[in-house]
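Colleague:
This is the structure in structure tokens:
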């Protein structure tokens, strides 16, 4: 379908992995901490383990086993376990909190900021992340991301891929679901958004899980657009 | 108290009247419509009547008489009555909707944008308005207001001055109530925020209700800061 025919008024972006390179950023933060505190840690393994704890932790909230818990607190629960597992000792509470907030300081993929600036010219651009509002707000300030609006799972107290997140975003932005496009690097997120009537743009991030990992970057005809990066997406949506 | 001692991490702004000149903007929008549709209307009286309907409409929500209703819909309920009262006839549904969304296009006071840019350098700046998220998001795009985050009564489904609005804003921003400062032109808003533990800055807007109206612009020792405009506030908070 030509992008013009999509009649998209607003774009909602998955953030972790789609806009920011969580893995590279966490490895960098870990290395900085390790040098300062003379720690010997495999920070890539540490970053992967932290991220691997994320889905199971959210699943406990989604199933009702845990009450609503924001990502900052889920990240901290996982981190407390990893400090033991990776034998990271001698950190003060302030240092642990600072490390936990590495997620507030994640760095964008090289194209992200410039692409968002272009996309913002014609359409509303908002986050639609499982990250909490303060995490996303601090990240935007830190990375210079020009969001019109910070939308988060926290606002509807449901985590993606629950339908409340996608439909809640359209409702808050005052657009119909089919006027909102989810931009994401993850097919499960896009399929869930599509099931709610949203438009979808797949922007694969083949290095999200590191240079050795094999990411699924194949096209899927279910999605409305496929783009190599945000600049490419902006060109398609400008047509 | 020296501003430095306030330890404010984030600023939350009342919007209607404090950031934007709703009255001047509505009169201008009315005059444009009037010329196009050959209507003879006292647009200043019309603007004042629209705004006068706002508090009673919110009171019906706050009391529970109405279920949660966003400001766009309250504005439309009031507008439908005013179209009859002011004998404004011959508008299509699209034209009425466009007029209702004049609130999405309100213009900032002359100092607002430059002042916000300065304030944003050191602290998070967010809206904290009874306006709904899409209204505030569209207004920011239209007026070039550089918010870090759009916070609204809509997110907690309580209207100011209910305490849920002030405490909910601090919670979403991840700061303590005493680390959040409400900036407002209205003393009742500031007193309610102060009762929740927020810091307060009074920025009077003597022309909010027009050149003839007498606004209460006297200092009140209960507030932490008094500023002539946002640039003046930025200077005080930079100390």
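Protein chains in written order, with the numbering used here: chain A, 42 to 280; chain B, 42 to 280.
Idealized CB from N, CA, C, for every residue including glycine.
Keep in mind that this is a model prediction, so the values were computed, not measured.
1) At a CB-CB cut-off below 7 Å, which residues of chain B make contact with residue 175 of chain A?
2) Apart from the five residues just before and just after residue 185 of chain A, which ones in its own chain have a Cβ nearer than 7 Å to its Cβ?
3) Please name the residue, chosen from B/48, B/70, B/51 and B/92, that lies closest to residue 250 of chain B on a Cα-to-Cα basis.
4) If we call anything under 8 Å between Cβ atoms a contact, is residue 202 of chain B one with residue 229 of chain B?
5) Which whole runs of the beta strand (DSSP E) in the region 197-260 of chain A are 3 residues long or more, in chain order?
6) Leaving aside the five residues before and after residue 179 of chain B along the sequence, list all residues of the same chain whose C-beta is less than 8 Å from its C-beta, in chain order.
7) Spell out whether any CB of chain B is found under 8 Å from the CB atom of residue 237 of chain A.
8) How is residue 52 of chain B classed by DSSP in three states: helix, strand or coil?
9) With a cut-off of 8 Å on the beta carbons, I'd call residue 174 of chain A and residue 193 of chain A a contact; round off their distance for me.
10) Answer with buried or exposed for residue 64 of chain B, where buried requires no fewer than 16 other C-beta atoms within 10 angstroms of its C-beta.
11) For the region 202-213 of chain B against the region 237-244 of chain B, are there 3 or more C-beta pairs whose distance is under 8 Å?
12) Go to residue 168 of chain B, then tell me how far its beta strand (DSSP E) extends in each direction, as first and last residue.
13) Which full runs of the alpha helix (DSSP H) of 4+ residues lie inside the region 125-168 of chain B, going along the chain?
14) Might you give, ordered along the chain, the residues of its own chain that have their beta carbon closer than 6 Å to the beta carbon of residue 68 of chain B, omitting 5 neighbours on each side?
15) With a floor of 4 residues, list each alpha helix (DSSP H) that falls wholly inside the region 77-128 of chain A, ordered by position along the chain.
16) Please name the residues in the region 156-190 of chain A whose beta-carbon is closer than 7 Å to at least one beta-carbon of chain B, in chain order.
17) Closest Cβ-Cβ distance between residue 221 of chain A and chain B: below 8 Å?
18) Name the chain A residues that come within less than 7 Å of residue 196 of chain B, Cβ to Cβ?
19) How many Å lie between residue 74 of chain A and residue 221 of chain B at the Cα?
Modeller: So, to answer that:
1) 213, 214 and 215
2) 154
3) B/92
4) yes
5) 221-225 and 240-243
6) 142, 145 and 146
7) no
8) strand
9) 5 Å
10) buried
11) yes
12) 165-168
13) 134-141 and 153-163
14) 84, 85 and 88
15) 84-93, 95-103 and 112-126
16) 165, 174, 175, 178, 181, 182, 189 and 190
17) no
18) 196
19) 30 Å
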